[in-house]
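Peer 1: Dumping the structure here so I can ask a few things about it.
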Amino acid sequence: MIAYYLGNEVSPALASTMAFATLCLSRLFHGFSSRSALPLYKLSINVYSCLAFVVGAGLLLLILLVPGLHGLFTIAQDLTMSHIGWILLCALGSFLCIQILRILKMVIKKLRGSIFIDTFLFILYFIKQRTPRYFLCFF
0 MIAYYLGNEV SPALASTMAF ATLCLSRLFH GFSSRSALPL YKLSINVYSC
50 LAFVVGAGLL LLILLVPGLH GLFTIAQDLT MSHIGWILLC ALGSFLCIQI
100 LRILKMVIKK LRGSIFIDTF LFILYFIKQR TPRYFLCFF
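Following numbering that gives the first Met the number 0, the numbering of the sequence shown begins with 0 at its first residue and continues without gaps.
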């Protein structure tokens with residue numbers, strides 16, 4: 000949505016192009032997150048996963064940067080390198096959030112048993128039990 004909003008300030012065609020590219024690149028990053036419930040730095044390197052990412056990102060860049068392919072994929076003509084940078088940042092956003100949450104989950108699991116973490120988890124559980132269902136989306 001952020002990429003669409005940023006592109007829509009210039010033109011609707013650019014908004015669609017940025018949304019398309021952000022979704023494609025975000026799915027490629029999600030391929031790394033889908034491998035395991037562990038953070039990415041705890042996993043071994045999978046050559047085929049990295050190769051699939053490089054090929055997919057390369058094809059996306061080819062579509063975005065080669066003017067001859069713009070008509071085939073209805074890519075906006077006014078796409079600049081700063082727009083591609085915003086596409087990359089927006090696509091990385093969800094990936095980084097997932098990885099940070101996994102690291103926090105691992106740290107909490109490791110510190111489980113300390114009085115601070117147990118008290119914090121008890122408070123969260125208590126709030127969850129006393130909160131109406133429509134507020135539970137935050138927990």
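Where is the CB? At the ideal position from N, CA and C, for every residue including glycine.
Pull up the DSSP beta-bridge partners for Arg111, would you.
Peer 2: Here residue 111 refers to the residue found at position 112 of the sequence shown. Beta-bridge pairing links Arg111 to Ser113.
Peer 1: Is there contact between the segment 96 to 105 and the segment 49 to 62, where contact requires at least three CB pairs shorter than 8 angstroms?
Peer 2: no
Peer 1: Label Phe28 either buried or exposed according to how many other C-beta atoms from any shown protein chain fall within 10 Å of its C-beta, with 16 as the threshold for buried.
Peer 2: Within the sequence shown, residue 28 is the residue found at index 29, counting from 1. With 16 or more other Cβ atoms within 10 Å, it is buried.
Peer 1: The alpha helix (DSSP H) spanning Tyr47 covers which residue range?
Peer 2: Your numbering for residue 47 matches position 48 in the sequence shown. Segment Val46 to Leu64, the alpha helix (DSSP H) holding Tyr47.
Peer 1: Let me know if Ile86 comes out buried or exposed under the rule of 16 or more other beta-carbons within 10 Å of its beta-carbon.
Peer 2: Against the sequence shown, residue 86 aligns to sequence position 87. Buried, by the Cβ-count rule.
Peer 1: Would Ala75 and Ala12 be called neighbours here (beta carbons separated by less than 8 angstroms)?
Peer 2: For the purposes of this step, residue 75 is identified with residue 76 of the sequence shown, where counting begins at 1. For the purposes of this step, residue 12 is identified with residue 13 of the sequence shown, where counting begins at 1. Yes, these two residues count as a Cβ contact at 8 angstroms.
Peer 1: Could you compute how far the alpha carbon of Leu42 sits from the alpha carbon of Ser35?
Peer 2: As a working note, residue 42 is residue 43 in the sequence shown. As a working note, residue 35 is residue 36 in the sequence shown. Cα to Cα, the separation comes out at about 8 angstroms.
Peer 1: I'd like to check one pair, Phe72 with Ile62: are the Cβ atoms closer than 8 angstroms?
Peer 2: As a position in the sequence shown, residue 62 is number 63, starting the count at 1. As a position in the sequence shown, residue 72 is number 73, starting the count at 1. Yes, Cβ-Cβ distance for Ile62 and Phe72 is below 8 angstroms.
Peer 1: What is the rounded straight-line gap between the Cα of Phe137 and the Cα of Phe119?
Peer 2: Locating residue 137 in the sequence shown gives position 138, where the first residue counts as 1. Locating residue 119 in the sequence shown gives position 120, where the first residue counts as 1. Caution is warranted here: a pLDDT of 46 is assigned to Phe137, below 50, making its placement in the model unreliable, and no coordinate value can be reported.
Peer 1: Taking the C-alpha atoms as reference points, what is the distance between Ala90 and Leu68?
Peer 2: Counting from one through the sequence shown, the residue named residue 90 turns up at place 91. Counting from one through the sequence shown, the residue named residue 68 turns up at place 69. C-alpha separation (whole angstroms): 22 angstroms.
Peer 1: Just verifying my parser: in three-state terms, what is the DSSP assignment at Gln98?
Peer 2: Reading the sequence shown from its first residue, position 99 is the one you call residue 98. DSSP, reduced to helix, strand and coil, places Gln98 within a helical segment of the structure shown.
Peer 1: Beta-carbon separation of Phe52 and Leu39 under 8 angstroms?
Peer 2: Here the question's residue 52 lines up with position 53 in the sequence shown. Here the question's residue 39 lines up with position 40 in the sequence shown. Contact flag unset, no.
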